[in-house]
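A.B. asks:
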Amino acid sequence: MLESHSSRPAYHQCYEVLRDRILTGEIPGGTKIVEEKIAAELGVSRTPIRESIRKLENEGLIVKKRVVKPTEKDLRNMFQVRILLEGYSAKCAATFLKDKEIEKLFEYVQIGKTGTKEEVMNANERFHNDIVNASHNPVMIDIIDRMQAIIYLFRKTVVIYNRPHLIEEHEEIYHAILARDGDTAERLMKKHLETDLNFYLHVMSNQ
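Residue numbers for the sequence shown follow the UniProt record's numbering, beginning at 1 and rising by one.
Below, the structure written as structure tokens:
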């Protein structure tokens, strides 16, 4: 049931509940979303459910009333975009990030070495987001932002399945940015994301 005392609109509460269940895996990929069932479960009419589904469709988490289950082709297409944009962003980060912002990247790397899985996943997300924002290109930032929900699902997988050398690769990218070596930072980021993609495809093939 939704929080009756909440000041947020019902559709937004429904959206948050559904999104959280999808991202945590409670509603697995391929599951059909039945408006009537969810409306009854949450104690609302079908209208806010329909609006929340529309928002989740815009984020790419629901396709044709089913929870997204990315195919190999979907992943390759998404990562082609990420490799281009985040590679360029890493090059920008080496030029434009301030010293204090680069220190934050180091902090994320340290959390990656010692934190819980949830902390590591959050640090992983912030590491990549800070680098993307260094591009100062609102169009690029918006493209990545609209992919964030799917990217989150992927990041969760690489952390939970403990992808080898993930944090070491982040550390190498950090050192290249610290050295203001944009070409190396770009090359390392592209290689890092290619390795991420191959790992995720490996996990998919064994599920």
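Just so you know, even glycine gets a beta-carbon here, dropped at the ideal spot from N, CA and C.
1. Let me know the alpha helix (DSSP H) ranges lying completely inside the segment 152-187, each 4 residues or longer, listed in chain order.
2. Can you list, in chain order, the residues of its chain with a C-beta nearer than 6 Å to that of methionine 189? Leave out the 5 residues immediately preceding and following it.
3. Do the CB positions of isoleucine 62 and isoleucine 49 come within less than 7 Å of each other?
4. With tyrosine 161 and valine 203 assumed to form a contact (beta carbons below 8 Å), what rounded beta-carbon distance in angstroms separates them?
5. Name the residue from Asp196, Ile167 and Gly30 whose alpha carbon lies nearest to the alpha carbon of phenylalanine 106.
6. Whether or not the segment 93-101 and the segment 179-194 are in contact is what I'm after, with contact meaning three or more pairs of Cβ atoms, one per stretch, closer than 8 Å; do they touch?
7. Do lysine 117 and valine 67 come within 7 Å of each other at the CB atom, strictly closer than that value?
8. Along the alpha helix (DSSP H) that carries threonine 47, what are the first and last residues, could you check?
9. Measure from the alpha carbon of proline 70 to the alpha carbon of each residue in Ser135, Ala149, Asp20 and Asn129, then state which is nearest.
10. Quick check on the DSSP output: the alpha helix (DSSP H) that includes proline 138 runs from which residue to which?
11. Report the three-state DSSP secondary structure of lysine 32 (helix, strand or coil).
12. Given a threshold of 16 other Cβ atoms within 10 Å of its Cβ, counted over all protein chains shown, does leucine 84 qualify as buried or as exposed?
13. CB-CB under 6 Å to arginine 21, same chain, minus the five flanking residues each way: which ones, in chain order?
14. Under the DSSP definition of a beta bridge, which residues are partnered with arginine 66?
15. Could you have a look at methionine 25 and say whether DSSP puts it in helix, strand or coil?
16. To the nearest angstrom, how far is it from the Cα of aspartate 130 to the Cα of alanine 123?
C.D. replies: Taking the coordinates as given:
1. Within the segment 152-187, the runs of alpha helix (DSSP H) that reach at least 4 residues and sit entirely inside it are, in chain order, 166-178.
2. Here residue 189 refers to the residue found at position 189 when the sequence shown is read from its first residue. Glu86, Gly87, Ala90 and Ile173.
3. Here residue 62 corresponds to residue number 62 of the sequence shown, with the count starting at 1. Here residue 49 corresponds to residue number 49 of the sequence shown, with the count starting at 1. No, they are not a contact pair.
4. The residue given as residue 161 occupies position 161 in the sequence shown. The residue given as residue 203 occupies position 203 in the sequence shown. Confirmed, about 5 Å.
5. Here residue 106 refers to the residue found at position 106 of the sequence shown. With distances taken between Cα atoms, phenylalanine 106 lies closest to Ile167.
6. As far as the Cβ criterion goes, the segment 179-194 touches the segment 93-101, which means the pair count is three or higher.
7. If you number the sequence shown from 1, residue 67 lands on position 67. If you number the sequence shown from 1, residue 117 lands on position 117. No; because the gap between Cβ atoms is not below 7 Å, this pair is not in contact.
8. Mapped onto the sequence shown, residue 47 falls at position 47. In this chain, the alpha helix (DSSP H) harbouring threonine 47 covers 46-59.
9. Sequence index remark: in the sequence shown, residue 70 carries index 70 (1-based). Selected option, being the one with the closest Cα: Ala149.
10. The residue you call residue 138 lines up with position 138 of the sequence shown. Counting along the chain, the alpha helix (DSSP H) containing proline 138 begins and ends at 138-146.
11. On the sequence shown, residue 32 is found 32 positions in, with the first residue counted as 1. Correct three-state label for lysine 32: strand.
12. For the purposes of this step, residue 84 is taken as residue 84 along the sequence shown, with counting starting at 1. Exposed is the call here.
13. Position 21 of the sequence shown holds residue 21. Excluding five sequence positions before and after arginine 21, the CB atoms of its chain that fall closer than 6 Å to its own CB belong to Ile27, given in chain order.
14. As a position in the sequence shown, residue 66 is number 66, starting the count at 1. Lys32 and Val63.
15. As a working mapping, residue 25 is identified with position 25 in the sequence shown. Sequence check: residue 25 is glycine here, not methionine. When DSSP states are grouped into helix, strand and coil, glycine 25 belongs to the coil group.
16. For the purposes of this step, residue 130 is taken as the residue at position 130 of the sequence shown. For the purposes of this step, residue 123 is taken as the residue at position 123 of the sequence shown. For aspartate 130 and alanine 123, the distance between alpha carbons rounds to 10 Å.
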